[in-house]
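If you read the sequence shown in numbering that gives the first Met the number 0, its first letter stands for residue 0, the second for the next number, and so on.
Backbone N, C-alpha and C fix where the C-beta goes; we use that ideal spot for every residue, glycine too.
See structure below.
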Amino acid sequence: MTELHPLDSGFIELEDSDRHISLGIGAVAIISGAAPKRAEFTEAITERLAHNTRLRQRIHRAPFDLIAPVWEDDPNFDVARHIRWTALPEPGDEKTLFELIATELAERLDRDHPLWQCTVVEHLADDRWALIVRAHHSLVDGVSGISLFEGFCDPPAGETLARPPTRDHEPSSATGLFELAVKTLRMPIDAPRFVVGTLRSLAPIAMAAIGPAAESSLNGPIGQQRRYVAVRTSFAEVRDIGEAFGVTVNDTVLAAVASAYRALLSDRGEALTGDKLRILVPVSMRPTDAKYVLDNRVSVLLPHLPIDIADPVERLGTIHDRMTEHKAKGGAQAENSILAVAARLPFAPIAWTVRLAAHFPQRGVGALATNVPGPRQPLTMQGSAVLELLPCIPIAMRLRTAIAILSYGDNLAFGITGDYDSAPDIDVIADGIRAGIAELVAHTAICRLPRQSDADAPTQDAHHGRGTPASR
């Protein structure tokens with residue numbers, strides 16, 4: 000048995016704080032051909048499980064949360080419990096699939112057993128089937144969640160299934176009470192040493208989350224049902240935009256997200272002010288050698304999206320500047336340090352604090368956008384090609400919409416989750432993302448037009464105060 004890290008257990012506390020939310024992270028694979036036979040698919044998944052013990056373990060909590068929850072082997076583990084079969088009604092189109100994904104996102108995973116599930120979806124149009132893989136946020140973050148899906152796929156040619164590495168630190172729960180006593184005795188020494196400097200850096204993030212913010216329909220109570228829609232774009236186009244304007248891929252996708260929320264709020268008749276939308280942007284803190292470790296290694300940034308800026312290139316440049324500034328302030332590293340501190344303190348007061356904070360209605364953040372790098376190489380599932388991957392993530396903490404961005408080969412997919420009652424217009428977000436990418440592609444083409452002279456040439460400086468694209 001091994002302990003959950005503070006962030007992993009925090010997602011359990013967050014889910015417990017609101018009966019309307021389910022914190023399962025998902026990936027949807029669209030696969031060519033007919034779905035496999037049940038016996039063959041179950042056998043293949045069972046073979047994968049032999050190489051990952053965490054997928055056969057459930058969470059065990061101590062009375063009164065005196066010590067941290069632990070992963071323990073499920074004595075009643077049955078792989079069939081984690082595999083479901085369903086089929087789309089005619090015509091088996093994308094809209095019907097999205098409705099099914101929304102239903103899956105609303106359903107909580109069973110805490111009595113390992114927190115993951117596969118749903119095989121038959122009868123997709125055009126001779127295809129789908130696989131929806133979900134795992135609880137206490138088990139995976141975005142990067143490890145995609146690695147979990149890859150583990151269910153066929154190994155690359157010439158390779159055998161490898162056992163995923165375990166965490167860096169695997170404490171035994173048998174010494175839980177002893178460790179509790181040690182942590183309690185060391186708390187007067189450990190806490191002041193780590194907390195003071197870390198809190199100084201983390202304070203701006205905390206104030207942003209709990210401080211007053213402009214009124215927005217994006218933040219408020221959420222119900223239990225969900226809506227889902229996806230947008231596909233070209234990863235090459237997004238990369239070209241970044242190269243043309245000297246920004247990152249993440250800056251570019253956030254610019255498309257800003258375009259989408261600008262369209263949504265305008266359509267709802269709300270004022271487009273600079274302080275209208277603060278967005279939560281997860282930042283991966285996972286080293287490359289921990290890609291396949293099932294846990295959470297993320298921090299967050301909380302920039303304002305410049306939805307008040309009409310010009311798409313100026314908006315992109317502003318996002319780049321703000322993201323650079325937030326990273327320079329060290330907020331993500333500070334939050335990561337707080338988690339390190341939490342690991343050194345007794346679990347009970349940490350759990351009770353998280354539980355109390357989860358019930359506090361945050362009003363400072365309006366949306367979430369997470370960008371996860373996916374597989375670059377083509378994948379297959381029992382010999383059939385994985386045609387595309389769509390991300391799907393939960394909503395919580397009064398955030399009525401959330402957007403996940405996932406690359407796969409040369410494709411980039413935006414998966415948009417919304418509250419059923421308060422976000423009936425998430426198609427406007429989807430259209431806004433498409434329009435935002437298209438605008439930037441058009442400006443990229445203009446920037447790359449042959450120029451007769453430097454005097455006549457349009458420069459990037461005219462848009463947001465930078466040099467020409469060539470100088471970046």
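Boundaries of the alpha helix (DSSP H) in which residue i is found, first to last residue
{"i": "residue 263", "result": "248 to 266"}
{"i": "residue 442", "result": "425 to 446"}
{"i": "residue 308", "result": "Unbroken run through residue 308: none, as it is neither H nor E."}
{"i": "residue 292", "result": "Looking at the DSSP string, residue 292 is not in any alpha helix (DSSP H), and its letter there is neither H nor E."}
{"i": "residue 41", "result": "37 to 48"}
{"i": "residue 91", "result": "Neither: residue 91 is in no alpha helix (DSSP H) and is coded neither H nor E."}
{"i": "residue 245", "result": "Residue 245 -> no alpha helix (DSSP H), and no H or E assigned at all."}
{"i": "residue 363", "result": "Neither: residue 363 is in no alpha helix (DSSP H) and is coded neither H nor E."}
{"i": "residue 147", "result": "141 to 151"}
Cross-strand partners of residue i (DSSP beta bridge)
{"i": "residue 282", "result": "298"}
{"i": "residue 418", "result": "225"}
{"i": "residue 82", "result": "117"}
{"i": "residue 56", "result": "72"}
{"i": "residue 405", "result": "371 and 412"}
{"i": "residue 2", "result": "69"}
{"i": "residue 123", "result": "127"}
{"i": "residue 218", "result": "398"}
{"i": "residue 272", "result": "In DSSP, residue 272 forms no bridge with anything."}
{"i": "residue 232", "result": "411"}
{"i": "residue 238", "result": "Answer is none; residue 238 lacks a bridge partner."}
{"i": "residue 322", "result": "Partner(s): none; residue 322 has no beta bridge."}
{"i": "residue 102", "result": "Residue 102 is not bridged to any residue."}
{"i": "residue 379", "result": "384"}
{"i": "residue 277", "result": "303"}
Limits of the unbroken beta strand (DSSP E) element including residue i
{"i": "residue 389", "result": "383 to 391"}
{"i": "residue 369", "result": "366 to 371"}
{"i": "residue 27", "result": "23 to 31"}
{"i": "residue 131", "result": "127 to 135"}
Residue i burial status per 10 Å Cβ neighbour count (16 or more: buried)
{"i": "residue 406", "result": "buried"}
{"i": "residue 289", "result": "buried"}
{"i": "residue 136", "result": "buried"}
{"i": "residue 8", "result": "buried"}
{"i": "residue 453", "result": "Confidence at residue 453 is low in this model, with a pLDDT of 47, below 50, so the placement of that residue should be treated as unreliable; the coordinate-derived value is given next. Per the 10 Å Cβ criterion, exposed."}
{"i": "residue 5", "result": "buried"}
{"i": "residue 317", "result": "buried"}
{"i": "residue 258", "result": "buried"}
{"i": "residue 40", "result": "buried"}
{"i": "residue 351", "result": "exposed"}
{"i": "residue 67", "result": "buried"}
{"i": "residue 156", "result": "exposed"}
{"i": "residue 105", "result": "buried"}
{"i": "residue 2", "result": "buried"}
{"i": "residue 151", "result": "buried"}
{"i": "residue 63", "result": "exposed"}
{"i": "residue 413", "result": "buried"}
{"i": "residue 445", "result": "exposed"}
{"i": "residue 369", "result": "buried"}
{"i": "residue 243", "result": "buried"}
{"i": "residue 174", "result": "Interpretation of residue 174 is limited by its pLDDT of 49, a score under 50 that renders its predicted location unreliable; no figure is taken from the coordinates."}
CB contact check: residue i to chain C, cutoff 8 Å
{"i": "residue 415", "result": "In the displayed structure, chain C is absent; only one protein chain is listed."}
From the options, residue whose alpha carbon lies closest to that of residue i
{"i": "residue 373", "options": "273, 143 and 439", "result": "143"}
{"i": "residue 383", "options": "28, 441, 72 and 354", "result": "28"}
{"i": "residue 52", "options": "66, 111, 147 and 279", "result": "147"}
{"i": "residue 353", "options": "367, 115 and 396", "result": "396"}
{"i": "residue 83", "options": "34, 127, 243 and 324", "result": "34"}
{"i": "residue 510", "options": "42, 2 and 3", "result": "The structure shown does not extend to residue 510, since the chain is modelled only from 0 through 471, so no value can be given for it."}
{"i": "residue 214", "options": "364, 420, 431 and 441", "result": "364"}
{"i": "residue 357", "options": "398, 418 and 63", "result": "398"}
{"i": "residue 377", "options": "23, 25, 31 and 24", "result": "31"}
{"i": "residue 139", "options": "116, 130 and 127", "result": "116"}
{"i": "residue 282", "options": "323, 385, 244 and 245", "result": "323"}
{"i": "residue 230", "options": "442, 25, 291 and 402", "result": "402"}
{"i": "residue 319", "options": "292, 385 and 245", "result": "245"}
Next item on the list: Please confirm if the stretch 309 to 324 is in contact with the stretch 248 to 264, defined as three or more CB-CB distances below 8 Å between the two stretches.
Entry: The stretch 309 to 324 vs the stretch 248 to 264: in contact.
Next item on the list: Would you be able to state if there are at least three C-beta pairs under 8 Å between the stretch 7 to 22 and the stretch 76 to 94?
Entry: Output reads no: the stretch 7 to 22 does not touch the stretch 76 to 94.
Margin query: Below 8 Å, how does it come out for the stretch 16 to 30 and the stretch 219 to 230: are there three or more Cβ pairs, yes or no?
Written below: Yes, the stretch 16 to 30 is in contact with the stretch 219 to 230.
Checklist line | Touching by the beta-carbon criterion (3+ pairs, under 8 Å), the stretch 83 to 96 and the stretch 113 to 123 | finding: For the pair of segments examined, the stretch 83 to 96 was found to touch the stretch 113 to 123: the number of CB pairs separated by less than 8 Å reaches three.
Next item on the list: Pair every Cβ in the stretch 256 to 268 with every Cβ in the stretch 411 to 430, then say whether three or more of these pairs are closer than 8 Å.
Entry: At 8 Å Cβ cutoff, the stretches touch.
Check: With a cut-off of 8 Å, do at least 3 Cβ pairs link the stretch 434 to 442 to the stretch 229 to 242?
Finding: Yes: the two stretches touch, three or more of their Cβ pairs being nearer than 8 Å.
Next item on the list: Please determine if the stretch 297 to 308 and the stretch 269 to 279 are in contact, where contact requires at least 3 C-beta pairs separated by less than 8 Å.
Entry: These segments touch.
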